[in-house]
Each structure stands twice: as structure tokens, then as C-alpha cells.
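Enquirer:
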Amino acid sequence: MELTLHDDGSLTGGYTTAVGNVPPSAWYRLYGGYDAVTLNSKNMGTIGFVVSWQNGVSNSTSTTSWNGIYDNTRALPEIRTMWLLTRYATPQNEWGSTQINHDKFRWIKTGEC
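If you want it as C-alpha cells, here you go:
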């Protein structure tokens, strides 16, 4: 994942995944927002971002949203989130179209991955 935090509280970036049948070089656009005031004053704040799993390589007819805490108080900043993944479903199957889980993202220096 690559994130750019903008001064106005918005964020943009890209996301790639090892899940599914997509090459690791296939990036998806990421959009979201964060609490810039609290992050700047307390080194912690809320954050949320969304990825629609569609790009020039693949369309999995699904979208994931992550919401959580941006924590810049540790040696390496991290984001702790809960996520919802919703897949397209017909009306009679919508009850099973959404999954929930959690992720932790840690910063790494370019070239370490």
C-alpha cells in the first residue's frame, strides 16, 4: 500500500494484494480521509480509506473499506483497522455479500519489501 496524506485531511494512494488471481504489480486506486488536526497535535487519529477492486487487469466486482486508528507514537507508524469487504450479489443473496475482519499496516522504508 502507498499512501499520500494531504493537509486538508484527504488521502490518496494505491493498494496491491496477494489475495486472488491478480499479479502483485496490479495496483488499485485508494481514496480516503483522516483526522489531520488530531494526528498533527497528538500523533494519533482516525483514518478511513476505500479500494474498489477494479483496474486495467481485473474486476472482482467488490469494494473494501478500512476504518481505524493512525498511530504515529511508535518507532514505526502503524494503522490498525477493521475492514468490510462487500461483493456484488443478487438481491436474494445480499445477506452473505459482506465480510468483516481486521488489518494492521506498518510503515517500511522503500526497498525493504
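Residues in the sequence shown are numbered consecutively from 41, following this note's numbering. Ideal Cβ positions, reconstructed from N, Cα and C, are used throughout, including at glycine. All of these numbers come straight from a predicted model, not from anything done at the bench.
(1) Going by DSSP, what residues sit across from Leu124 in a beta bridge?
(2) Among the residues of its own chain, which have a CB less than 8 Å from the CB of Ser137, if the five just before and after it don't count?
(3) Identify the continuous beta strand (DSSP E) that holds Thr52 and give its terminal residues.
(4) Quick check on Ser92: does DSSP put it in helix, strand or coil?
(5) Taking Ile119 as the reference, which of Met84, Glu134, Val90 has the closest Cα?
Expert: According to the structure shown:
(1) Ser105, Ile140
(2) Thr126, Arg127, Tyr128, Ala129
(3) 50-55
(4) strand
(5) Met84
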